[in-house]
């Protein structure tokens, strides 16, 4: 069994490429979050008590932990992680937790302050550890600060937190979760390893699906205008351009000025763009305002995507894999 686990760890290092070893052996890049070193707990046969902040993180933790953990997810499907405020029952779950998985780079904003107050001694693992983030533009950075975010202990300054829109980043999430659960609960490490490997295979299949579908969109039409700046990692990986956003920031709590909206309308008119992608977790009122001004378009499509949360039951986007597929299908519908 020991040799099997060693081989699995080696397989992860090869599968995820050189990024893991570079993160361990070189000075971290600016804003890169380290993975904490966790010690084994004395569980006496009981399940590890785990809390995940968002529904997306919760789904992926569940894929790795399986039946070997007791998982509570704080921010339910359909809820915006930027604006979420915890209820008393959520803080009770946090107080019982033996490990808490967060996104990193202040994605959860006000929730993080509550977590740190209630569970200051509980290990808090950023699933985005060992990922080199994309940098925010100076304008985005200023907008994010203007709405009053205080930052967190995971180096939010200038880093785009929406790492799950790169499947390579999600593979790193899987390995970070696998390592953390295995360190805390070494008796079940082989289970966590096997679950992680199975899920990585699903992510490879998902990437193949995405590339096959995106290939049906003419390259010159692979241009996104979205509600807020959430798709930079996706655009990098799949050859899209994010030409503009209704909210010129990486947080939905920021607000655009009249000049921001006028600039976006002018840009869309100039490029002949008639599709706006909104978000299931946010109002599309501002996007509809922009759409109404695109008089050059015969038809304006306003299409919702799943961004910061999974879909509600029956939506077809109840898991991360299904959410990602749903977004791909919606983009193809809007751009092809």
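Numbering (the numbering used here), first residue to last: 14 to 349. Glycine is no exception: its CB is placed at the ideal position from the N, C-alpha and C atoms. These numbers were taken from a predicted model, which means no experiment stands behind them.
In this structure, what does DSSP give as the bridge partners for residue i?
{"i": "residue 137", "result": "113"}
{"i": "residue 65", "result": "86, 114"}
{"i": "residue 144", "result": "Answer by DSSP bridge pairing: none, since residue 144 is not bridged."}
{"i": "residue 257", "result": "238"}
{"i": "residue 227", "result": "Paired residues: none, contrary to the question."}
{"i": "residue 172", "result": "148"}
If you draw a straight line from the C-alpha of residue i to the C-alpha of residue j, how long is it?
{"i": "residue 278", "j": "residue 238", "result": "10 Å"}
{"i": "residue 272", "j": "residue 259", "result": "11 Å"}
{"i": "residue 48", "j": "residue 247", "result": "23 Å"}
{"i": "residue 175", "j": "residue 45", "result": "14 Å"}
{"i": "residue 182", "j": "residue 140", "result": "9 Å"}
{"i": "residue 263", "j": "residue 241", "result": "6 Å"}
{"i": "residue 143", "j": "residue 228", "result": "30 Å"}
{"i": "residue 300", "j": "residue 288", "result": "10 Å"}
{"i": "residue 220", "j": "residue 309", "result": "35 Å"}
{"i": "residue 293", "j": "residue 330", "result": "11 Å"}
{"i": "residue 338", "j": "residue 180", "result": "12 Å"}
{"i": "residue 113", "j": "residue 128", "result": "9 Å"}
{"i": "residue 349", "j": "residue 254", "result": "15 Å"}
{"i": "residue 134", "j": "residue 249", "result": "37 Å"}
Would residue i be called buried (16 or more neighbouring beta carbons within 10 Å of its own) or exposed?
{"i": "residue 284", "result": "exposed"}
{"i": "residue 173", "result": "buried"}
{"i": "residue 108", "result": "exposed"}
{"i": "residue 326", "result": "exposed"}
{"i": "residue 103", "result": "buried"}
{"i": "residue 198", "result": "buried"}
{"i": "residue 336", "result": "buried"}
{"i": "residue 191", "result": "buried"}
{"i": "residue 344", "result": "buried"}
{"i": "residue 233", "result": "exposed"}
{"i": "residue 117", "result": "buried"}
{"i": "residue 98", "result": "exposed"}
{"i": "residue 57", "result": "exposed"}
{"i": "residue 50", "result": "exposed"}
{"i": "residue 122", "result": "buried"}
{"i": "residue 350", "result": "Here the chain has residues from 14 to 349 only, and residue 350 is not among them."}
{"i": "residue 195", "result": "buried"}
{"i": "residue 280", "result": "exposed"}
{"i": "residue 340", "result": "buried"}
{"i": "residue 217", "result": "exposed"}
Short of 7 Å in beta carbon distance, which residues of its chain neighbour residue i, apart from the five on each side in sequence? Order them along the chain.
{"i": "residue 187", "result": "73, 77, 209, 212, 213"}
{"i": "residue 201", "result": "81"}
{"i": "residue 353", "result": "Only positions 14 to 349 of the chain appear in this structure, which leaves residue 353 out of reach."}
Near residue i, what residues of its chain come up, given a Cβ to Cβ distance below 6 Å and the 5 sequence neighbours on each side ignored?
{"i": "residue 148", "result": "171"}
{"i": "residue 332", "result": "72"}
{"i": "residue 131", "result": "104, 107, 108"}
{"i": "residue 316", "result": "290, 343, 347"}
{"i": "residue 314", "result": "288, 347"}
{"i": "residue 94", "result": "67, 88, 120, 121, 321"}
{"i": "residue 146", "result": "44, 172, 173"}
Ignore the nearest five residues each way along the sequence and tell me which others in residue i's own chain have a CB closer than 8 Å to its CB.
{"i": "residue 224", "result": "251"}
{"i": "residue 312", "result": "287"}
| said: Just to confirm the assignment: which complete alpha helix (DSSP H) runs, minimum length 4, are found wholly within the region 262-294? | reply: Listed in chain order, they are 271-284.
| message | Quick check for students: name the residue ranges of the alpha helix (DSSP H) that lie wholly in the region 168-219, counting only runs of 4 or more. | response | 180-197
| Which ranges does the beta strand (DSSP E) cover as unbroken runs of at least 3 residues, wholly within the region 289-323, from first to last along the chain? | Taking only runs of at least 3 residues, the beta strand (DSSP E) segments lying wholly in the region 289-323 are 314-318.
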